[in-house]
Each structure stands twice: as structure tokens, then as C-alpha cells.
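Residue numbers (this note's numbering): 383 to 509.
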């Protein structure tokens, strides 16, 4: 019971009762994330384009993000060391030989396996 009491939220000095979660303060003042922005600010868009990137909507949410293409994107590979980004392919058994292709840009979404040493090292889905 002592361990649970030590982890409980305490009222700030000078306030009695109530929790921070029920205060009238905005969510960002309570340590919660601010509302998600799906569209880049004009300043971030300009910075992206100035760095050679393009603004694209990616992921299930369709949020705008800055994307930089890799020169070797799409090249056949058997290890991420052969690519600017990762060597990616289809998920498979770690004991099977595999080849993949260098990721096309720096914003990799979807399900893939990273190919390391000619074998799928791990599989992951990113959104």
C-alpha cells in the first residue's frame, strides 16, 4: 500500500483536494499532449522546402510531414549498410536468405522487415 501512495498524484502546495486531471487548466498545463496538428505551419513548410524536402501527407492520420528522397531509393540490397536509409523487404523467417530494396525516402510507413546480412532482422509496422 505504501508503494501505491508514493505514486499517487499530490495536490500542488496551497491547493487542497481535487486532482490535476480535474482542474480547469488547459491540457498542456496538466502535462498532456496538445491537440494533434495535421497541417504544417507555413514556417515549417518553408523550412522543409529549403532543406530540399517535399511536404506530403503520410500515415493513416494523413498528417503533413517533411520528406527527403534518398538517391539510392529502390536499389536492390541485402543489407542496410548498402543504403542511405534501410534495406527493407517482406517479413520472413530469420533463417531464410532475403533481398530487399533501399527505402525511397526518410519517412518509412507500413509493414516491412529490415534486411541485415541477407536475412530479415525484424519485422515492424509503422504508421
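By construction, the Cβ of each residue, glycine as well, lies at the ideal position given by its N, Cα and C atoms.
Short Cβ contact (8 Å threshold) for residue 496 with residue 472: no
Assumed close pair residue 439, residue 446 - CB separation to whole angstroms, cut-off 8 Å: 6 Å
Delimiting residues of the beta strand (DSSP E) encompassing residue 503: 501-508
Short Cβ contact (8 Å threshold) for residue 500 with residue 480: yes
Three-state class that DSSP yields for residue 432 in the structure shown: Here residue 432 sits in helix by DSSP.
Which of helix, strand or coil DSSP assigns to residue 438: strand
Within 8 Å, strictly: CB atoms of residue 507 and residue 493: yes
Pick from 450, 465 and 424 that is closest to residue 436, judged by C-alpha positions: 450
Beta-carbon gap between residue 455 and residue 469 smaller than 8 Å: The criterion of a C-beta distance shorter than 8 Å is not satisfied by residue 455 and residue 469.
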